[in-house]
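4 protein chains.
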Amino acid sequence: MADTKAPDSTRRSERSRRAIYDAALALVGEVGYARTTIEGIAARAGVGKQTIYRWWPSKAAVLLEAFVDLGVQANEALGGDADTEIPDTGDLEADLKFVLRATVDELNDPRHDAPSRALAAEGVVNPELGARFVEQLLEPQLQLYVKRLSAAREAGQVRREIDPRIALELFVGPLAHRWLLRTAPLTHAYADSLVEYALHGLAPR
Amino acid sequence: MADTKAPDSTRRSERSRRAIYDAALALVGEVGYARTTIEGIAARAGVGKQTIYRWWPSKAAVLLEAFVDLGVQANEALGGDADTEIPDTGDLEADLKFVLRATVDELNDPRHDAPSRALAAEGVVNPELGARFVEQLLEPQLQLYVKRLSAAREAGQVRREIDPRIALELFVGPLAHRWLLRTAPLTHAYADSLVEYALHGLAPR
Amino acid sequence: MADTKAPDSTRRSERSRRAIYDAALALVGEVGYARTTIEGIAARAGVGKQTIYRWWPSKAAVLLEAFVDLGVQANEALGGDADTEIPDTGDLEADLKFVLRATVDELNDPRHDAPSRALAAEGVVNPELGARFVEQLLEPQLQLYVKRLSAAREAGQVRREIDPRIALELFVGPLAHRWLLRTAPLTHAYADSLVEYALHGLAPR
Amino acid sequence: MADTKAPDSTRRSERSRRAIYDAALALVGEVGYARTTIEGIAARAGVGKQTIYRWWPSKAAVLLEAFVDLGVQANEALGGDADTEIPDTGDLEADLKFVLRATVDELNDPRHDAPSRALAAEGVVNPELGARFVEQLLEPQLQLYVKRLSAAREAGQVRREIDPRIALELFVGPLAHRWLLRTAPLTHAYADSLVEYALHGLAPR
DNA sequence: ATATAAGCGAGACGGTACGTCGGGTCTTGAA
DNA sequence: TTCAAGACCCGACGTACCGTCTCGCTTATAT
């Protein structure tokens, strides 16, 4: 028996839920995550504070859900699963460059920058939220790489002994590193280099 | 004409500075970064709050300096530059595995975990601090890779067209990724795989 | 359009209000007005600081209300309006000596001395508070004099052309003067002299 | 053997003393007593804080001295003791009305209002300062009344049994009362009434 | 069809920490 | 030694939010 009282989610106000998502995203965009407060979200959403505390454990949780919802919303708007796959033209190198370039563009898009940085940062420090961040936002993306790399392995474009779960990090890891810590700019050229280095190795053959 | 009034750093109390570093690191270790407060640091250090506000712009800045100082201190204690180089035995693969395993151990060390996560997270969200984090803590490490990889290139163990600045991210990026987002455990085996994959490439030869 | 946000007084906590009055009076009694702080009052009352700032503009305002409430409380305790009148025995001189002696005793009472001095001092310097001090604490007393002196005038014990509003100050003014500035001790003999001098005049008849 | 260290007043900087007086009076005039700070006075006077703490025990003490000095200064400027006496034309009533009217004018003068109210208020609450306030500023004035009233008693214009020390308060007390507590406006008419009431008494003759 | 109970908006409440101001002490360097 | 300058420890300021807790009000079953 968990929290002395579990709210009845069938009676939950959809209206408020949406308003809270909107307010949260808007505020993070406008003033940044740190200066976004639960009181502020409630006020902006025209909602009582309790309505937030009833359904979410923390500011970060609200934002995470809002962000996930944003993706769901976008996807539904596109009718179904648009570009939800890494293309398979048979040319692995080209396909990977294509997605990595797309990822670079997305990471450079200022609309997504603030909220996703905020979530990532919070996840770094808060394991519970980090797990949900990974599970709901990151993992689905990574699975696409697993799938594509496995296919490439079947097709003999990747060595048999390679584990796709690890291999994908050669692409995603450096990108995330540059993005999170801003060690250097994220460019298409960089994405290309990454793919080339990773596929062909650093050592001479 | 910066802040309407710059304090006179020649009159700064070294005593207070040290006490603040110590208090900050201790508190972050004990209660975590989020619940470490400037008031708490001041109280623990036996120092007025103003003395902190006079010299640092934020909690994160205090901690960053404290952390950097910790490194400096440790280095001096060791008389000079102990293990401040990546070994060069002539066997690049072995040397890289060696350092990466050491890095894995360090990242898994709970004493350094809390404060460095906190700093990294703050840097993700706060560009100014992030820049200082990178410059003072990360970059020196990265330079060691640049140096070792350049040597390897001279020795013909790395292809001529490889840019060491980018190459190093194939090792460091995935490690940081796993560490920051906890997508999977950091093990020596993982470090080894990374080195092998990156040096020899994913594609068959 | 007053303060951008007026609190809803129907929701006010009576419990807190009382606790704040008690704490304020206790502290002023114990450490004096100057060393009584809002933080101290809040802590002693077991109340958040904001609860004080929400309802009062200043420390002096809290104390004034607490003091007024004290009077109200005392009066209610006595069932009704005990000694809330200047007696009228027909002998004006005796009646005035009686009240002035009582006032002298009250002013010499150390329990009331500290808080009422503090309020008076604050009122001297802060017109707004001074007005409320006069209106809520002083004026009701003065009205008693107006009433008694008017009766005396009707009875022919005071000259027709005398304005009671001014006449009362011949009694109250000197008393207040001695009390506030401590120019000389406040005694019954002094009270008596005042009454005699004022009633019969300084000039020979 | 008082304060562990008595400063050597022969080496005191006259320059600083004057600058502190000026700064103190100017600040009280500009921002009021409560918001005048020792730091502010020091900064304005171009003086170290210690120089103030060395020579005065409190803000109020500085202001009191500055105020007294103002009077001395003014008097010296007038070559000697201008209007430092209550006139004696033989007509006591006229003479008293004259001085009381002058006092009313002075109390209504906004230049003297702020600082003298501040000092009076501080004296109400701080006995030590109050004593010095009375002794240095008030008492000299009161002595003038004592002198004039004594002369009047000798001349038979005041009853033999009247004590001038008390009698003077019938004039000064009500005036101070109105001024300090702002119970009613201070006018010449009021001053006149006071003199008439006090001299001839309230009771019919 | 109506009681009954939940979610809801609003916002007061006890708290913690913020970043700032000023108090009074102490130290440094110039005169 | 005094002085200007200002760093220091400290305590309080008034504000912002936290998360909890009533208050009516509305809505949506469950009698």
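First to last, the protein sequences are chains W, Z, H and U.
Anchor point for the first sequence: position 52 equals 59 in our numbering, and the numbering is continuous, going up by one each time.
Anchor point for the second sequence: position 46 equals 53 in our numbering, and the numbering is continuous, going up by one each time.
Anchor point for the third sequence: position 34 equals 41 in our numbering, and the numbering is continuous, going up by one each time.
Anchor point for the fourth sequence: position 183 equals 190 in our numbering, and the numbering is continuous, going up by one each time.
The beta carbon of each residue, even a glycine, is placed where N, CA and C say it ideally should be.
Small disclaimer: the values here were computed from a predicted structure and weren't measured.
Cβ contact annotation for residue 50/H (same chain, cutoff 6 Å, sequence separation greater than five): none. With contacts defined by Cβ atoms closer than 8 Å, residue 108/U and residue 198/U form a contacting pair. In this structure residue 42/W is exposed. Its beta-carbon is surrounded by fewer than 16 other beta-carbon atoms within 10 angstroms. Distance from the CA of residue 95/H to the CA of residue 202/H, rounded to the nearest whole angstrom, comes to 15 Å. Less than 8 Å separates the beta-carbon of residue 179/U from that of residue 149/U. Contacts between residue 184/W and chain Z, judged by CB atoms closer than 7 Å, involve 176, 179, 180, 183 and 184 in chain order. In the structure shown, residue 169/H falls within a coil segment according to DSSP collapsed to helix, strand and coil. The continuous alpha helix (DSSP H) containing residue 160/Z extends over residues 146 to 161.
Listed in chain order, the non-local C-beta contacts of residue 181/H below 6 Å within the same chain comprise 201, local neighbours out to five positions each way being set aside.
Secondary structure at residue 208/U: coil, using DSSP grouped into helix, strand and coil. Within the model, the alpha-carbon separation for residue 147/Z versus residue 13/Z is close to 30 Å. Taking one beta carbon from each stretch, the region 119 to 139 of chain U and the region 60 to 79 of chain U have 3 or more pairs nearer than 8 Å; the two touch. Within the same chain, 114 come within 8 Å of residue 120/H by CB-CB distance, once the 5 residues on both sides are set aside. A Cβ of chain U is located within less than 8 Å of the beta carbon of residue 190/H. In the DSSP assignment, residue 65/Z falls outside any alpha helix (DSSP H) and carries neither an H nor an E. Listed along the chain, the chain H residues whose CB falls inside 9 Å of the CB of residue 130/U are 128, 187, 188 and 189. Counting other Cβ atoms within 10 Å of its Cβ, residue 184/Z reaches 16 or more and is therefore classed as buried. Distance between residue 209/U and residue 79/H, taken at the CA atoms: about 33 Å. For the pair residue 161/H and residue 142/H, the Cα-to-Cα distance works out to about 27 Å.
In this chain, the alpha helix (DSSP H) harbouring residue 115/Z covers 99 to 115. Beta-carbon to beta-carbon, residue 177/U and residue 205/U are separated by about 4 Å, close enough to satisfy the 8 Å threshold. The three-state reading of DSSP puts residue 197/W in helix, counting H, G and I together. Contact residues of the region 160 to 171 of chain Z toward chain W are 163, 164, 165, 166, 169 and 170 (C-beta to C-beta distance below 8 Å).
Secondary structure of residue 29/H (DSSP, three-state): helix.
In the structure shown, residue 16/U adopts helical secondary structure according to DSSP, grouped into three states. Distance check between residue 151/W and each of 75/W, 172/W and 167/W places 172/W closest, using alpha-carbon atoms only. Take the alpha-carbon of residue 34/H and the one of residue 75/Z: they are about 48 Å apart. Listed in chain order, the non-local C-beta contacts of residue 97/H below 8 Å within the same chain comprise 162, local neighbours out to five positions each way being set aside.
For residue 75/U, no chain H residue has a C-beta closer than 8 Å to its own C-beta; the minimum C-beta separation is roughly 16 Å. Within chain U, the residues whose beta carbon sits less than 7 Å from that of residue 207/H are 208 and 210, listed in sequence order. Note on geometry: alpha-carbon atoms of residue 132/Z and residue 103/W lie some 28 Å from one another. Residue environment for residue 40/U: buried (at least 16 other C-beta atoms within 10 angstroms of its C-beta). Taking CB atoms only, residue 137/W has a neighbour in chain Z less than 8 Å away. By the Cβ neighbour-count rule, residue 122/Z is buried, with 16 or more other Cβ atoms within 10 Å of its own. Taking a beta-carbon distance threshold of 8 Å, residue 45/W does not count as an interface residue toward chain Z.
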